[in-house]
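S.K.: Sequence positions in the sequence shown follow our numbering and run 152 to 337. Think of the CB as a built atom: it goes at the ideal place given N, C-alpha and C, for glycine as much as any other residue. The structure's right below; bear with me while I get my questions together.
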Amino acid sequence: MKDKFSGAGTPFDFWEPPEGHEQRFRIRLEKQTRPRRTLWLRRRDWSKWFVAASILFLGLVWWWTQPASLNELSGQTSHIIQSMETKRTQWERMLKKELQTAGWDMDAAEGLPGAQKLIDDAFRHLQRLEEDYDRLQTQFMEGGHYRTLDAMIRNKEMQHRILTDLKQQLMELRNRQIYENRTHQS
152 MKDKFSGAGT PFDFWEPPEG HEQRFRIRLE KQTRPRRTLW LRRRDWSKWF
202 VAASILFLGL VWWWTQPASL NELSGQTSHI IQSMETKRTQ WERMLKKELQ
252 TAGWDMDAAE GLPGAQKLID DAFRHLQRLE EDYDRLQTQF MEGGHYRTLD
302 AMIRNKEMQH RILTDLKQQL MELRNRQIYE NRTHQS
């Protein structure tokens, strides 16, 4: 048995592989050890750029949507806040002036039946809105968010609307009283 496996004189030993066989075999082995460039690897090459661009895009969006700093906002809006504060006294004067141009003053308006209740309700609403405005103003000075500024503006608009509605309701009461006085006198 040793003779058969020792390799001497067996039919397998006389045949030599052709020249370059070993070299071609090594090339094939090297090709197998290199990773094949699949679609995933090709996709990974551009995916690095895609991820970098996405991060850059998200960073720009975040930066763009950030509110301005408190110093910038307070510098730009200090004159707006001051004008809003003076609006309160201006509106009170405006209501008195409008009533005077209509031919009567606040005392006459308060003398109308139901007018005092309207005036008290309006000033109670204005007082609540003014308290909300003061709270919003302190929030704005602390945080400086643009939504707080929007709420402050809406608050002042609501105050203006209440005063305008009050004036209109007082005028309607006055006209109704004038009409009733004329119909009773006739």
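Relative to the C-alpha of Arg-244, which candidate in Phe-176, Lys-318 and Gly-295 has its C-alpha closest?
M.R.: The candidate whose alpha carbon is nearest that of Arg-244 is Lys-318.
S.K.: Could you have a look at Leu-287 and say whether DSSP puts it in helix, strand or coil?
M.R.: Looking at Leu-287 - three-state DSSP - the assignment turns out to be helix.
S.K.: Check for me: the alpha helix (DSSP H) holding Glu-323 runs from which residue to which?
M.R.: Residues 297 to 336.
S.K.: On a CA-only basis, which of Lys-307, Met-292 and Lys-182 is nearest Arg-279? Give me that one, please.
M.R.: When only C-alpha atoms are compared, the closest one is Lys-307.
S.K.: Report the rounded CA-to-CA distance for Met-292 versus Gln-267, giving the unit in angstroms.
M.R.: Their Cα atoms are separated by approximately 37 Å.
S.K.: Would you mind stating whether Gln-288 and Met-309 have Cβ atoms separated by less than 8 Å?
M.R.: The answer is no: Cβ separation not under 8 Å.
S.K.: With H, G and I counted as helix, E and B as strand and the rest as coil, what does DSSP make of Leu-211?
M.R.: It is helical.
S.K.: By the three-class DSSP mapping on this structure, what secondary structure does Glu-282 have?
M.R.: Glu-282 falls in the helix class under three-state DSSP.
S.K.: Taking only three categories from DSSP, how would you classify Leu-263?
M.R.: Leu-263: coil per DSSP, three-state reduction.
S.K.: Taking the alpha-carbon of Leu-324 as reference, which of Glu-181, Gly-294 and Gly-265 has the nearest alpha-carbon?
M.R.: When each option's Cα is compared against that of Leu-324, the closest is Gly-265.
S.K.: May I ask you to report which of helix, strand or coil DSSP gives Glu-167?
M.R.: It is coil, neither helix nor strand.
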